[in-house]
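Q: Please find one structure pasted underneath; my questions will follow.
The structure is reproduced here in structure tokens:
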């Protein structure tokens, strides 16, 4: 059986975590993590903390380990994953101007091709012209 996880906080760390726990501008999960750390430092074990927060014990363990490895910065969520937008609002403004000024009509695939050729933006053809118009009016 592994040794119980236990952290030791300095007075300054405890004060910082206490303030963080009460700050209304901080995300609630971050506040909960700060509270978990303080409870552990006060002597509560992982199962007891998990019961208080109605979460899995692994969640508490991860919080304690992130504190040990990353300190205060480990309490916040990591930046989002996934594909980031490949276009800027100015690209959609450009498409809107093209639709307003040119006498022809475009399919979404043609608009994507136009952006690729003229602005070097690789946009999927799934962006429909009506989307461009409705989001720029």
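In the working numbering, the protein residues as written are 1 to 137. C-beta atoms are modelled at their ideal positions from N, C-alpha and C, and glycine is treated no differently. What you are looking at is a predicted structure, and each value in this text was computed from that prediction instead of being measured.
1) If you measure between the beta carbons of residue 9 and residue 41, is that distance less than 9 Å?
2) Assign residue 137 to one of two classes, buried (16 or more other C-beta atoms within 10 Å of its C-beta) or exposed (fewer than that).
3) Residues in the same chain with beta-carbon distance under 7 Å from residue 57, minus the five sequence neighbours each way, listed in chain order, please.
4) Tell me where the alpha helix (DSSP H) around residue 8 begins and ends.
5) In chain order, which alpha helix (DSSP H) runs of at least 4 residues are fully inside the stretch 75 to 115?
6) State the start and end residues of the unbroken alpha helix (DSSP H) segment that holds residue 70.
7) Helix, strand or coil for residue 120, going by three-state DSSP, please let me know.
8) Using a Cβ-Cβ cut-off of 8 Å (strictly less than) and excluding sequence neighbours within five positions of residue 61, which residues of its own chain qualify?
A: Considering the structure as presented:
1) yes
2) Below a pLDDT of 50, predicted positions are generally treated as unreliable, and residue 137, at 48, falls in that range; no measurement from the model is reported.
3) 46, 47 and 50
4) Looking at the DSSP string, residue 8 is not in any alpha helix (DSSP H), and its letter there is neither H nor E.
5) 89 to 101
6) 57 to 70
7) coil
8) 5 and 46
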